[in-house]
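**Q** Residue numbers (my numbering): 2 to 223. Just so it is clear, CB atoms sit at the ideal spot from N, CA and C, and this is done for glycine as well. Note that the coordinates shown come from a computational prediction; the quantities given were computed from them, not determined experimentally.
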Amino acid sequence: MKKHITLALCAILLIGACKKEENILKDPENPLIPIQENNSPVNGTRVVKNSIVYTQIDQELAYNKFITIDADNNGKNDFYFTTVLVGKDNLSHLFFQASPVSTSGAKLMLNNSQELVIGMWGKAIDAGTQINATTAFNTIWSNFMIKGMLLDIIENPAQTKTYDGPWLAKIDKYLAMQIIIGGKVHYGWIHLSHIANEAKMRIVSFAYNDVANEPIAAGQTQ
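1) Short of 6 Å in beta carbon distance, which residues of its chain neighbour I182, apart from the five on each side in sequence? Order them along the chain.
2) Considering only C-alpha positions, which residue in the set A219, N44, T161, A125 is nearest to T69?
3) Mind checking A219: buried by the 16 CB within 10 Å criterion, or exposed?
4) What is the rounded straight-line gap between the Cα of N133 and the Cα of P158?
5) Once the 5 residues before and after P42 are set aside, which same chain residues still bring their CB inside 6 Å of it?
6) DSSP three-state label for A219, please.
7) Given that a residue counts as buried once 16 or more other Cβ atoms are within 10 Å of its Cβ, and exposed if not, what is M178?
8) Inspect the beta-carbon positions of K148 and Q98 and report whether they are closer than 8 Å.
9) Which one or two residues does DSSP pair with S114 in a beta bridge?
10) Out of S206, K185, D153, which one is the CA nearest neighbour of K162?
11) Does DSSP classify E61 as helix, strand or coil?
12) Whose C-alpha, out of I58, K201, G189, N91, is nearest the C-alpha of I126?
13) Indicate the three-state DSSP secondary structure (helix, strand or coil) for E156 in the structure shown.
14) Could you tell me the alpha carbon to alpha carbon distance between K124 and N144, rounded to whole angstroms?
15) Using the rule of at least 16 other Cβ atoms within 10 Å of the residue's Cβ for burial, across every protein chain shown, is S114 buried or exposed?
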């Protein structure tokens, strides 16, 4: 009797573990890091003016920190931001990266002119740049399969640091995004900033056009 009870309990625990695993997404390049689709996103101030939905979050991204964004506030995350430490040629690279959540259908605009150790550089665009289906030269709309790198902090064996990346010492650049609402594409932007020689970035705000397939200007809030 005790043997049967023990076996039954093990079966229940195994089924529960399987169901729990179904709700956890895995970063395909870092399979040991669980990415929860409905992990609590950062809270922010959300304002809707005309067709533009704008949210200010002002979050600090630094080593070993994980930030998720639910752009359309539907209870499911669209993007996540984190750091990845990579060693190459006797140097350590701390990459700050952005990626769509795999099940969201979201995309980011990347610069495909140079492949990195992992992923590609995110495309840093100026305020006022129109964001739509058309991509600029050497850019692509990319899903979760290719990570968007924002900043690279490079350290040599003497612990001397150098910095690289499209957001290096930039406080007014934007990352173009696409999100899916009701099966339709909505264009938007994410405002990211970096102060020279700091080992951290800020995710300042984001916005999207609530009208499907209509463009939005980087930095537009109304």
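**A** The answer reads as follows:
1) D73
2) N44
3) buried
4) 44 Å
5) T69, I70, D71, N78
6) coil
7) buried
8) yes
9) According to DSSP, which records beta bridges pairwise, S114 is partnered with nothing at all.
10) D153
11) strand
12) G189
13) strand
14) 14 Å
15) exposed
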